[in-house]
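Comments concern the structure below.
There are 2 protein chains.
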Amino acid sequence: MTVPPGRRERKKAATRQKIADTALRLFLEHGYEAVGIRDVAAEADVAVTTVFSHFAAKEALVFEQDADFEQRLTQAVTGRAPDEPLIPALRHEIQALVRHCTGDGAAPIWRMIDESPALREYEGAMRLRHAESLATAIAADLGLPPATTACRTIAMFVIDAFSLAREAADPEAAVDEIFSMIEAAWEVTRAEASGARGSSGR
Amino acid sequence: MTVPPGRRERKKAATRQKIADTALRLFLEHGYEAVGIRDVAAEADVAVTTVFSHFAAKEALVFEQDADFEQRLTQAVTGRAPDEPLIPALRHEIQALVRHCTGDGAAPIWRMIDESPALREYEGAMRLRHAESLATAIAADLGLPPATTACRTIAMFVIDAFSLAREAADPEAAVDEIFSMIEAAWEVTRAEASGARGSSGR
DNA sequence: ACCGTAGCACTAACCGTTAGTTCTTCGAAA
DNA sequence: TTTCGAAGAACTAACGGTTAGTGCTACGGT
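Protein chains in written order, with the numbering used here: chain A, 17 to 218; chain B, 17 to 218.
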């Protein structure tokens with residue numbers, strides 16, 4: 017499964033990576049808005065249409081790891097130890113993600129994102145997607161209908177926690193602070209569920 | 017202040033309104049993406065550049081009342097009765113806003129928004145702006161530094177409440193449910209604040 | 001060795017958006 | 001009232017992201 021899956025797919029992946037690397041380098045060198053798609057394509061030695069066959073939009077070149085992020089969150093829910101409660105598992109994962117994003121390597125990228133309106137807008141849309149899929153994972157894990165308000169609410173709060181902590185002066189402390197708030201919010205839904213149906217959350 | 021503020025400004029406002037009305041009508045008739053800025057300009061009998069002198073982007077034609085929304089939220093904080101607690105005041109305002117958005121008149125517009133990726137993206141960016149200014153208002157009201165994590169967190173949660181409730185099967189019940197969670201989250205920050213400094217929230 | 005297809009290049013355009021400039025019209029000072 | 005400054009709006013022309021439409025090429029299975 018992890019062994020050579022054919023030359024074709026390797027070449028495709030290599031092209032994609034080359035485009036992403038080239039784009040990020042140019043963006044950091046000259047600024048996001050100053051670099052055009054045509055510049056990226058020329059520097060990576062591919063056609064403009066090839067860029068768009070690998071990435072849905074210019075902004076997606078920056079948020080290349082979008083899918084990873086989403087999957088790590090849902091994995092934190094569905095793949096946690098059987099006796100581990102939901103919220104702490106999410107807190108732990110968000111803590112790790114925040115640490116990664118505020119590290120020396122990723123910091124210049126996020127500074128660029130914060131400075132570009134187009135990138136901030138794109139991030140806002142991503143947040144909604146991530147919250148959606150996290151809500152689905154949570155609802156499935158709890159055996160609830162997928163559109164339950166409480167699940168969608170907690171999911172959004174968790175996504176908020178990432179964005180807020182990332183920008184805070186002390187990111188790790190912020191994660192803890194926000195998650196203590198989320199924990200309290202979650203307790204309320206458990207109380208209401210047990211009051212209404214005699215069952216409880218985890 | 018409410019008397020005729022000059023013919024010039026009335027004409028300008030009329031032009032703006034005509035553009036917004038024309039755009040919304042065309043969007044609802046033919047679909048958001050099927051209608052171009054040039055179509056809107058032609059139908060409203062103005063130049064394309066005039067459209068952009070009144071609205072920053074195509075999406076802004078749909079979210080015309082953006083500024084109203086933001087101001088109502090901050091007003092709910094800064095203009096509430098002296099003895100009214102913060103969270104219930106916000107709950108009341110969000111309740112009113114949700115009721116307005118799910119009414120018969122506004123429903124088709126929000127359906128259009130939900131179906132268009134571009135509009136959802138724009139809304140995501142708006143949410144961040146609204147959360148920012150709400151956080152500033154809350155922090156000012158409580159006499160805290162403007163970037164306090166707890167304030168920014170509560171502000172985001174409140175904005176989330178609007179989006180979540182708007183899409184829920186029973187919007188009004190959803191507002192109550194989510195705000196009971198927010199209330200609990202807020203209690204936590206009061207406890208931590210009084211534990212650390214002997215002071216308390218409202 | 002052979003063929004189907006996936007990946008990529010190229011052209012040409014569409015659409016949102018902006019800069020630069022000119023024309024018109026309103027508001028207020030003289 | 002006359003005049004002048006300024007603001008709104010028009011027009012042109014372009015830039016940058018994005019998308020068909022169309023072949024060509026090289027890989028992978030038969």
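Backbone N, C-alpha and C fix where the C-beta goes; we use that ideal spot for every residue, glycine too.
Please read all numbers here as calculations on a predicted model, not as lab measurements.
Alpha carbon to alpha carbon, what distance is there between residue j and residue i?
i: residue 208 of chain A; j: residue 126 of chain B; result: 30 Å
i: residue 85 of chain A; j: residue 36 of chain B; result: 38 Å
i: residue 190 of chain A; j: residue 117 of chain A; result: 14 Å
i: residue 109 of chain A; j: residue 92 of chain A; result: 6 Å
i: residue 47 of chain B; j: residue 146 of chain A; result: 27 Å
i: residue 19 of chain A; j: residue 179 of chain B; result: In this predicted model, residue 19 of chain A has a pLDDT of only 42, less than 50, meaning its place in the structure is not dependable; the value taken from the coordinates is given anyway. Looking at the two C-alpha atoms, the distance is approximately 44 Å.
i: residue 181 of chain A; j: residue 69 of chain A; result: 34 Å
i: residue 168 of chain B; j: residue 58 of chain A; result: 42 Å
i: residue 142 of chain A; j: residue 195 of chain A; result: 21 Å
i: residue 131 of chain A; j: residue 177 of chain B; result: 27 Å
i: residue 197 of chain A; j: residue 188 of chain A; result: 15 Å
i: residue 193 of chain A; j: residue 149 of chain A; result: 24 Å
i: residue 26 of chain A; j: residue 34 of chain A; result: 12 Å
i: residue 124 of chain B; j: residue 44 of chain B; result: 8 Å
i: residue 80 of chain B; j: residue 111 of chain B; result: 20 Å
i: residue 74 of chain B; j: residue 29 of chain A; result: 36 Å
i: residue 100 of chain B; j: residue 113 of chain B; result: 19 Å
Hey, is residue i's beta-carbon within less than 8 Å of any beta-carbon in chain B?
i: residue 180 of chain A; result: yes
i: residue 173 of chain A; result: yes
i: residue 204 of chain A; result: yes
i: residue 83 of chain A; result: no
i: residue 176 of chain A; result: yes
i: residue 86 of chain A; result: no
i: residue 128 of chain A; result: no
i: residue 110 of chain A; result: no
i: residue 148 of chain A; result: no
Check whether the Cβ of residue i lies closer than 7 Å to any heavy atom of the ligand MN, and answer yes or no.
i: residue 97 of chain A; result: Here there are no bound small molecules, and the ligand MN is not part of this structure.
Evaluate residue i with the Cβ neighbour count: other Cβ atoms within 10 Å of its Cβ, from every protein chain shown; 16 or more gives buried, anything less gives exposed.
i: residue 56 of chain A; result: buried
i: residue 90 of chain A; result: buried
i: residue 107 of chain B; result: buried
Just checking my contact of residue i with residue j at CB under 8 Å: how many whole Å lie between their CB atoms?
i: residue 203 of chain A; j: residue 200 of chain B; result: 7 Å
i: residue 154 of chain A; j: residue 170 of chain A; result: 6 Å
i: residue 53 of chain A; j: residue 67 of chain A; result: 6 Å
i: residue 139 of chain A; j: residue 129 of chain A; result: 6 Å
i: residue 78 of chain A; j: residue 135 of chain A; result: 6 Å
i: residue 38 of chain B; j: residue 60 of chain B; result: 4 Å
Is any beta-carbon of chain A found at less than 8 Å from that of residue i?
i: residue 169 of chain B; result: yes
i: residue 184 of chain B; result: yes
i: residue 138 of chain B; result: yes
i: residue 141 of chain B; result: yes
| said: When you compare the region 156-172 of chain B with the region 149-169 of chain A, are there three or more beta-carbon pairs, one atom per stretch, that lie closer than 8 Å? | reply: Not touching, per the Cβ criterion.
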